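Below is one structure; the comments refer to it alone.
As structure tokens, then:
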């Protein structure tokens, strides 16, 4: 199992070098097929980091408890462990907790509960917050889980006496926990924390001014140029799905939908059989804010989707369209599986592409292609399901033909030129 997640033998040796190496092996085997590969990689790295730290502190596994975990988390600010990965301390904290819960269930250590689950009052508060996000905020279940995760983190750091929280506490928490992350991630964290604080204000548990205490990430509208692929490169990537025979038809259908409709990874993971109207040739998506939208199903994407359903999709009672290609044949647990399919296709196609961009690369490429066909921005916004035309306006910067019509000629050298 571990050699599939970490094919590099040097990396694998380093991850299992601590006194917990054999337990990490067992942990990986027990979770085989239950989590996405990227999630398991985070969990294993976290367990390896925890094991290395235990050895440096000369703490035996039998002495591990919630206090030891808290000390481990507190050392992040000065961490120089070789297992540490800069900017991923939140994943490390979550992964270490999950690893200790596994050890508790298997009897290696005393039954262990994450700190945020030790208090029934805290669990009740987080459950109530999750229900509030679903009923009042209109966000997806996955986003609600992420918001609860960040809420648990702030409770771990600042304590359960919410009435004593101050503006300084909130600011210090954000700056100390997330300063090494990318700006886009810090922005998402800030949004999640504001949602939690807004909920606490509604419940009368904290002062309204704490909502504005969360530092805002610097962001300049339209400052970045969307990265995209040429139409020829997109076709080459779709054709590269044949390099994976076990899931060739599934991957081709996914790539065709991404390229033809500019979908988000979440749209693919959540797509259900009941969302496809074959008679009308259209397909339904529930996007951000749970907004329902019907889009025409392109011929190529429809043919690829039908081929997958007829010839490759395993028999299943699941309503989700796309299932794992290996047993158990379950729906994707999240967007990571979709992103991994795109990464492999890009690699197999040997197409030059921006680093760190996966599914949204097709979204940007579709917008570029529509612009080249002189489709107005309003129409592109409808296809991409943008709520604000300002979001669509960013694609005007990659329309070279349009920019050439407004560029000013370079002034010729003249004797009387004022400069």
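Residue numbers (this note's numbering): 190 to 608.
No residue lacks a Cβ here, since even glycine has one placed at the ideal position from N, Cα and C.
Bear in mind the structure is a predicted one, so any value in this text is a computation, not a measurement.
Legend entry - Paired residues, beta bridge with residue 465 - DSSP: According to DSSP, which records beta bridges pairwise, residue 465 is partnered with 472.
Legend entry - Which of helix, strand or coil DSSP assigns to residue 392: It is coil, neither helix nor strand.
Inset, instruction - Counting only the same chain and skipping the five closest in sequence on each side, list residues whose C-beta sits under 6 Å from that of residue 569. - result: Excluding residues within five positions, the ones whose Cβ falls inside 6 Å are 556, 559, 581.
Legend entry - Enclosing alpha helix (DSSP H) for residue 228 [first to last residue]: The continuous alpha helix (DSSP H) containing residue 228 extends over residues 226-246.
Legend entry - Outcome for residue 284 when other beta-carbon atoms lying within 10 angstroms are tallied against a minimum of 16: Residue 284 sits buried, since 16 or more C-beta atoms from the chains shown fall within 10 Å of its C-beta.
Legend entry - Cβ-Cβ distance between residue 387 and residue 403 below 7 Å: For residue 387 and residue 403, no; Cβs fall outside 7 Å.
Legend entry - Cβ-Cβ separation, residue 398 to residue 356 (assumed contact under 8 Å), whole Å: Sure, about 7 Å apart at Cβ, within 8 Å.
Legend entry - Buried or exposed (CB count within 10 angstroms, at least 16 for buried), residue 427: The residue in question, residue 427, is buried, as its Cβ has 16 or more Cβ neighbours within 10 Å.
Legend entry - C-alpha gap between residue 307 and residue 400, whole angstroms: Any reading at residue 307 must be qualified, since the residue scores a pLDDT of 48, below 50, and its modelled position is unreliable; the value itself is stated next. Distance between the alpha carbons of residue 307 and residue 400 is about 26 Å.
Inset, instruction - Return helix, strand or coil for residue 501, following the three-state DSSP convention. - result: Note: residue 501 maps to coil in three-state DSSP.
Legend entry - Local conformation of residue 203 per DSSP, three classes: Here residue 203 carries a helix assignment [DSSP, helix/strand/coil].
Inset, instruction - Pick helix, strand or coil for residue 512, following the three-state DSSP scheme. - result: DSSP places residue 512 in strand when its eight states are reduced to three.
Inset, instruction - Could you tell me whether the Cβ atoms of residue 358 and residue 347 are closer together than 7 Å? - result: Less than 7 Å divides the Cβ of residue 358 from the Cβ of residue 347.
Legend entry - CB of residue 534 within 7 Å of CB of residue 430, strictly: Yes, these two residues count as a Cβ contact at 7 Å.
Inset, instruction - May I ask you to report which of helix, strand or coil DSSP gives residue 306? - result: Low confidence applies here, because residue 306 scores a pLDDT of 48, under 50, leaving its location unreliable and the question unanswered by this model.
Inset, instruction - Report the three-state DSSP secondary structure of residue 482 (helix, strand or coil). - result: Note: residue 482 maps to strand in three-state DSSP.
Inset, instruction - State the start and end residues of the unbroken alpha helix (DSSP H) segment that holds residue 417. - result: Where residue 417 is concerned, there is no enclosing alpha helix (DSSP H), given that its DSSP letter is neither H nor E.
Inset, instruction - Buried or exposed for residue 287, please, with buried defined as at least 16 other CB atoms from any protein chain shown within 10 angstroms of its CB. - result: Buried, by the Cβ-count rule.
Legend entry - For residue 271, three-class secondary structure by DSSP: It is coil, neither helix nor strand.
Legend entry - residue 417 versus residue 425 - alpha carbon distance: Near 14 Å, if we compare the C-alpha coordinates of residue 425 and residue 417.
Inset, instruction - Give the straight-line distance between the Cα atoms of residue 518 and residue 319, rounded to the nearest whole angstrom. - result: Cα-Cα distance, rounded: 29 Å.
Inset, instruction - Would you list the residues sitting across from residue 520 in a DSSP beta bridge? - result: DSSP links residue 520 through a beta bridge to 512.
Legend entry - residue 229 to residue 280 span [Cα, whole Å]: For residue 229 and residue 280, the distance between alpha carbons rounds to 11 Å.
Legend entry - residue 262: first and last residue of the uninterrupted alpha helix (DSSP H) it sits in: It spans 255-263 - the alpha helix (DSSP H) in which residue 262 sits, taken as one unbroken run.
Legend entry - Reference residue 618, options 293, 532, 583, closest by Cα: In this structure the chain extends from 190 to 608, so residue 618 is not present and cannot be described.
Inset, instruction - Check whether the Cβ atoms of residue 501 and residue 438 lie closer than 7 Å to each other. - result: Contact flag set, yes.
Inset, instruction - Measure the alpha-carbon distance for residue 210 versus residue 335 and round it to whole angstroms. - result: So the two alpha carbons sit approximately 30 Å from each other.
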